[in-house]
Every structure is written in C-alpha cells, then in structure tokens.
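Residue numbers (the numbering used here): 4 to 332.
Shown next, in the form of structure tokens:
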C-alpha cells in the first residue's frame with residue numbers, strides 16, 4: 004500500500020514516518036493488514052538527504068505546495084492508499100497571514116480530500132485537527148468531545164471547516180475519514196515555529212540546551228498538553244479504528260493532560276536537576292497571552308479511551324522521553 008504524509012518533513016510527520024516504517028503494515032483498502040511499500044513525505048521544502056532513520060527504499064520526499072491541486076492529485080493516488088494530513092499554517096502564523104492560512108489550510112485540505120475522492124477504492128484519511136477549535140468566553144473549564152466548538156482564531160476556524168468536510172466526504176462514501184484533535188504537543192525539538200503554543204516546548208527545549216527561554220505567558224496560565232510519542236501512537240491507532248466504531252462524528256479529542264506554565268517549569272527543574280539549565284525568564288506578550296488564554300484549561304478524551312487509544316505518561320516522563328530521544332542522543 005501507499006502512504007502519503009502531508010507536512011511529512013515536520014516534527015510529527017517525521018516521527019510518524021519512522022513509526023510506520025518500523026510497523027511495516029497498516030489496514031488497507033482490503034480491510035486487512037497490508038505492507039507499506041511506498042511512503043511519500045510531502046512538504047513545502049525537503050532536505051537534500053533523508054533525515055535520520057528514513058534512508059529507506061520505501062521513502063520518497065517530495066517538495067510542493069499543498070494548495071496546488073495538480074501537485075496533490077499526482078501524489079495522492081493509488082489503488083490502496085492512506086493519507087495522514089498534517090500540512091497547515093499554525094495558530095499565530097494564521098493570525099498574521101489570513102490569506103495564506105486559507106490557501107494552505109482550506110484550499111490545501113480540499114485538494115487532499117478531492118484527490119482521495121478521485122482515487123480508486125476507499126482511501127483512509129487521518130486528519131490532524133486541533134484543540135484550538137474550542138475557545139471563547141463561554142468555554143467550560145473542561146472540554147470534551149461534545150463541547151460546542153467556538154474557535155477564537157483563524158487556525159481553529161480552518162480546522163473546524165476541515166473536520167466537517169472530512170465527515171461529509173465520508174458520509175458520501177468518497178473516503179474513510181477520521182480526525183484527531185491533538186492538544187499542544189511537547190516537547191518539539193529544533194527551532195521554534197509560529198504556533199502560539201510554542202512556548203510550551205521552548206520552555207523545556209531551550210533550557211535543556213543551556214539557553215535562556217523568554218516565557219510569554221504568566222506562570223498561572225494552564226493549557227492542555229500531550230507527549231509527542233503518545234500523539235503519534237494515537238494517530239496510528241486512530242487510522243486502525245474500524246470505520247463503524249466512529250459513526251457519524253468522525254473527529255475525536257486525542258489523549259491529553261493539563262499543566263500550568265509554572266508546573267512545567269517545576270518539571271523542568273526536577274528532571275533537569277544536575278544539568279546546566281538555561282533560565283526561564285518571564286517576558287509577557289499580550290497577544291500570545293490573549294490567544295492562549297482563550298483555549299481550554301482541561302480536556303477529556305473519553306472517545307479516545309473507549310476506542311483503545313494510548314494514555315499519556317506523567318509530565319516528568321514526557322520530559323525524560325525528550326531528553327532520551329533528542330538531548331542525550
């Protein structure tokens with residue numbers, strides 16, 4: 004079978020690609036486990052050499068624009084096809100460039116859906132939505148799969164639209180779609196991105212590298228988090244869920260836990276004890292505080308649990324996993 008990962012050279016795309024190569028199979032159009040013999044990593048920019056762990060004859064890296072329908076249709080094609088759709092302009096970036104957000108998040112999403120629709124068989128699509136679909140003054144302290152969706156940012160709005168399109172294309176029998184709403188994923192390695200939630204990774208990443216981190220939100224700010232290992236495992240598990248088990252509501256909250264910025268700093272100090280840590284410096288940013296403050300503080304993922312998706316380990320263990328995978332290695 005062929006697997007396409009849009010945004011495949013991003014952090015989660017790369018983690019997923021390595022996981023799929025190790026796994027070797029997924030449920031295909033036949034309804035049975037089929038070997039993955041082709042893995043396409045599609046992104047705006049690709050490196051000259053494959054990233055670590057991806058020097059494999061099954062892997063092909065393709066550079067292109069997800070808002071270019073012809074390019075997407077050429078890639079998302081095949082008799083037995085699965086797609087993991089990550090490509091997106093993230094939260095703060097979407098606020099700064101509305102037109103780009105619509106081109107990538109909406110036009111790009113439609114291109115992926117229409118390419119799946121045109122493919123033979125019944126392609127299986129996993130769409131990565133976001134917990135940013137929730138927001139507003141009327142938001143309850145704890146959100147669940149049944150909480151009314153009222154996004155307070157362009158990023159969340161585009162995710163909601165894609166959620167409904169995935170459900171409708173599935174209802175019409177054009178594809179087998181399912182979506183997961185990840186919380187803020189930690190700890191992301193590499194350089195910061197334009198996500199308003201990026202501080203949650205930077206708070207660990209920079210100090211563990213001996214670099215000071217400017218914390219843009221108050222230490223009392225509470226957000227919903229998920230460890231990257233659990234999120235990737237959850238997306239694979241979501242792909243494998245039988246379609247009938249999802250019913251009409253095709254998108255679920257992915258497993259998560261909650262922590263304040265102050266609790267994250269405390270975890271950093273506990274797990275990083277004995278290391279030459281950079282400092283966490285309070286540097287308020289009103290725009291980021293306002294956007295992050297509109298997000299939920301706690302989340303339930305009851306449907307994910309009922310479907311057998313994995314649970315997150317405690318925060319300290321998530322930090323230890325990052326150290327093991329990216330710092331000490």
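In this text, a Cβ means the ideal position worked out from N, Cα and C, and glycines have one as well.
Does DSSP classify residue i as helix, strand or coil?
i	result
residue 198	coil
residue 128	strand
residue 248	helix
residue 94	helix
residue 52	coil
residue 87	strand
residue 39	coil
residue 226	strand
residue 30	strand
residue 63	strand
Comparing C-alpha positions only, which one of the options sits nearest to residue i?
i	options	result
residue 155	97, 264 and 91	97
residue 201	5, 94, 38 and 214	94
residue 57	224, 28, 159 and 19	19
residue 198	319, 248, 134 and 243	134
residue 263	250, 218, 256 and 240	218
residue 136	107, 65, 166 and 145	166
residue 32	21, 72, 85 and 80	85
residue 316	241, 244, 236 and 70	236
residue 319	289, 271, 278 and 132	271
residue 309	295, 240, 268 and 113	240
residue 301	313, 250 and 225	225
Determine the direct distance from the alpha carbon of residue j to that of residue i, and round the result to whole angstroms.
i	j	result
residue 180	residue 119	10 Å
residue 138	residue 152	7 Å
residue 17	residue 11	6 Å
residue 230	residue 326	13 Å
residue 265	residue 60	45 Å
residue 44	residue 62	7 Å
residue 149	residue 211	38 Å
residue 147	residue 227	12 Å
residue 3	residue 52	Residue numbering for the chain in the displayed model covers 4 to 332; residue 3 lies beyond these limits and cannot be assessed.
residue 286	residue 220	7 Å
residue 77	residue 114	11 Å
If residue i and residue j are in contact, beta carbons under 8 Å, what's the gap, nearest whole angstrom?
i	j	result
residue 104	residue 161	6 Å
residue 124	residue 171	In fact, because the Cβ distance is near 19 Å, the residues do not count as touching under 8 Å.
residue 203	residue 257	Not confirmed; about 16 Å, so no contact.
Looking at the strands, I want to know which residues DSSP matches up with residue i.
i	result
residue 285	218
residue 4	Per DSSP, none; premise fails for residue 4.
residue 254	182
residue 261	227
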